[in-house]
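Input: a single structure, listed below in structure tokens.
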Amino acid sequence: MLLLQQEVSLVMGIIGISFLEEQHDEVSLVVSSFTVS
69 MLLLQQEVSL VMGIIGISFL EEQHDEVSLV VSSFTVS
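Structure, rendered in structure tokens:
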């Protein structure tokens, strides 16, 4: 059960990273607008 949990979290992490890389421009734009204001 624990091993399955680790595999799921690993897969979710990989998906999250790839998603962030795809959305990187939009994310950095939002972050920069937040830090400016």
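For the sequence shown, my numbering gives the first residue as 69, with consecutive numbering after it. Yeah, the Cβ is synthetic: ideal placement off N, Cα and C, and Gly gets one too.
Under 8 Å between C-beta atoms of residue i and residue j
{"i": "Leu88", "j": "Val98", "result": "no"}
Simplified DSSP state of residue i, which is helix, strand or coil
{"i": "Gln91", "result": "coil"}
Distance cut-off 7 Å: residue i Cβ against heavy atoms of the ligand NAD
{"i": "Thr103", "result": "As far as ligands go, the structure on display features none, and thus does not contain the ligand NAD."}
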